[in-house]
Amino acid sequence: MFDLAKVVTQAAQFNREPAGPTSCSFYYQTAHCRELIEQVFRFEGWNYPDCIKISNPGDLQLDALKDIVIFELNQSTNIVEDARDLASKLPNQKGVIVIGKEDTITTLRELKGMGFYYLLWPLNQEELSEFLRHVHINQQRLSGVTRNRKAKRVAVVGTKGGIGNTMVACELSATLAFQGIDTIQVDHQYFNSNTDILLGLKQFIRQDSDNLELQLRDMDEASASNYLSKIDKHFSLLALGGAQSAENLYSNSQNIAELLSRKANFIIEDFSGANDFMMDPAALSERMDVFVIVLDPTVSSVRNASQIIEKIEMHNLSGTADIRILTFLNIHRPEGAFPLKKDEVERYLERSVDIQLDYTAKFSALMLSGKRLHRFEKRNGAFNKLAQLIQGKQAEAQVSALDKLKALMQR
């Protein structure tokens, strides 16, 4: 006999969506907070969260994260700083909740800007349960503060050709990826690029974009990902080619990069001085978060750097975003081969040089053999320092042998 009530009940059960998180990673600092989280998940009948105790929020292995990630920062001395350290590493698709004791509007606003939810401690079981439902629904609908989580766009700009701009872009991308940070590098040298050589890619073929403009209207993140070349687990390359003009290839590259802005933490764009199109720093400022100005100690390079910086700063004054500018001084010849010294460069630019890469004779051989330069430098070397500054961290100060000796004597 046909049982209508049974069929309706089975259909309702089949179509029912989970009211809460289907999976969750919870990084905790205190037993009290862990007990509350476990109690809520147990009471609601949700899948039990992965609970991992942490001492330093910056030292996390983030390869196995679930859909929703909860960080307890009740013992943090600066929640915003710790959250900023996490923001540069966490995949943008995750719903991230921070639990903390800082009851200030500034903390809430800063975390919201990073795309993080914030829960003020202490809280009860009902508040936590309702909040988790809210975050889960937002994740399903791709709404809420998570929409603010997009890749930071970094323009690596060469002040002239032949000063190692592409090398800096490649090493910066590789350094970030080595740290477990999802990174996309965009190659804007469409016809005469050496990016494949510097990355050690064999028989590399650029992505054909001749029919791309017809597809862009209906393209989403998944289809845009087909134009990426995988370098390693956390590192991808966007390198378009074809019979189009450099201007069209640049426009298409920017459109794809925008579609991929939630797929990576950083998008590093290589604007070499040898590019086949005119780079406008003021127009570029509309979409970039950070500029890395690569120069060498020559009059022409320093003068061009000054002009580029001036245009970006003028845009900063007229716009709402505060774009960061970092200067990278590449000493790519032996000592005495350049007409200017570092202090003269700084005097002309009216600003300090942020990173200096000193000449090393073996760099050329390492690059041509596909080796990563950042793996051969010290922890506070130029590329690691640049990666730290890009993430908004303070670069580690270089400690001299004399300072180390003084520290030992004071123990």
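Just so we're aligned: 256 in full-length UniProt numbering is position 256 of the sequence shown, and the numbers increase by one with no gaps anywhere. By construction, the Cβ of each residue, glycine as well, lies at the ideal position given by its N, Cα and C atoms. Given the structure is predicted, the values throughout are model-derived calculations rather than measurements.
In this structure, the beta-carbon distance from K112 to V145 falls below 8 Å. Between I268 and the set E221, D358, A387 and R379, the nearest pair of CA atoms involves A387. In the DSSP assignment, S301 falls within the alpha helix (DSSP H) that extends over V299 to S318.
By the C-beta criterion, the stretch 243–252 is judged not to be in contact with the stretch 128–146, since fewer than 3 inter-stretch pairs fall below 8 Å.
The C-beta of H374 has 16 or more other C-beta atoms within 10 Å across all chains shown, which makes the residue buried. Per the DSSP secondary-structure output, C24 pairs in a beta bridge with I68. By the Cβ-count criterion, G381 is buried, with 16 or more other Cβ atoms from all chains shown falling within 10 Å of its own Cβ. By the Cβ-count criterion, P49 is buried, with 16 or more other Cβ atoms from all chains shown falling within 10 Å of its own Cβ. The C-alpha of D289 lies about 5 Å from the C-alpha of I323.
Unbroken alpha helix (DSSP H) runs of no fewer than 4 residues, entirely contained in the stretch 325–370, are found at 342–349 and 363–368, following chain order. Shown here for I52: same chain residues with a beta carbon closer than 6 Å to its own, the five before and five after excluded, namely Y27 in chain order. Residue pairing from DSSP leaves C33 without any beta-bridge partner. Excluding residues up to 5 positions away in sequence, S25, L90, P91 and K94 lie with their Cβ nearer than 8 Å to the Cβ of L65 in the same chain. The criterion of a C-beta distance shorter than 8 Å is satisfied by F271 and V156. Residues N92, Q93, R149, K150, A151 and E221 of the same chain have their beta carbon placed closer than 8 Å to that of R262, with the five preceding and five following residues left out of the count. Judged by DSSP secondary structure, K152 falls within the beta strand (DSSP E) whose first and last residues are K152 to G158. With contacts defined by Cβ atoms closer than 8 Å, I184 and S236 form a contacting pair.
Cβ contact annotation for L349 (same chain, cutoff 8 Å, sequence separation greater than five): V302, A305, S306, I309 and T327, in chain order.
Under the rule that a run must span 3 or more residues, the beta strand (DSSP E) segments found entirely inside the stretch 78–128 read 95–100 and 117–120.
I105 and L119 have their C-alpha atoms some 12 Å from each other. In the three-state reduction of the DSSP assignment, Q215 falls in the helix class, which pools H, G and I. Distance between Y117 and Q75, taken at the CA atoms: about 18 Å. Nearest C-alpha to L199 among L259, D343, K371 and Q179: K371.
Counting the other Cβ atoms within 10 Å of the Cβ of Q125 gives fewer than 16, which makes it exposed. Listed in chain order, the alpha helix (DSSP H) runs fully inside the stretch 170–206 are 195–198, counting runs of at least 4 residues. Taken atom to atom, the span from the alpha-carbon of F266 to that of V154 is near 7 Å. Counted as a single uninterrupted DSSP element, the alpha helix (DSSP H) harbouring E221 occupies residues E221 to A224. Under the three-state reduction of DSSP, L386 is assigned to helix. Within the model, the alpha-carbon separation for L176 versus D182 is close to 8 Å.
Between V80 and V168, the C-beta gap is not smaller than 8 Å, which leaves the two residues out of contact. As the crow flies, the alpha-carbon of F178 is around 10 Å from that of N384. In this structure, DSSP gives S285 a state outside helix and strand, which the three-state scheme calls coil.
Beta-bridge partners of G241 (DSSP): D208.
I54 has its alpha-carbon roughly 9 Å from the corresponding atom of T30. If you look at I323, you'll find it isn't in any beta strand (DSSP E); DSSP assigns it neither H nor E.
When DSSP states are grouped into helix, strand and coil, L142 belongs to the coil group.
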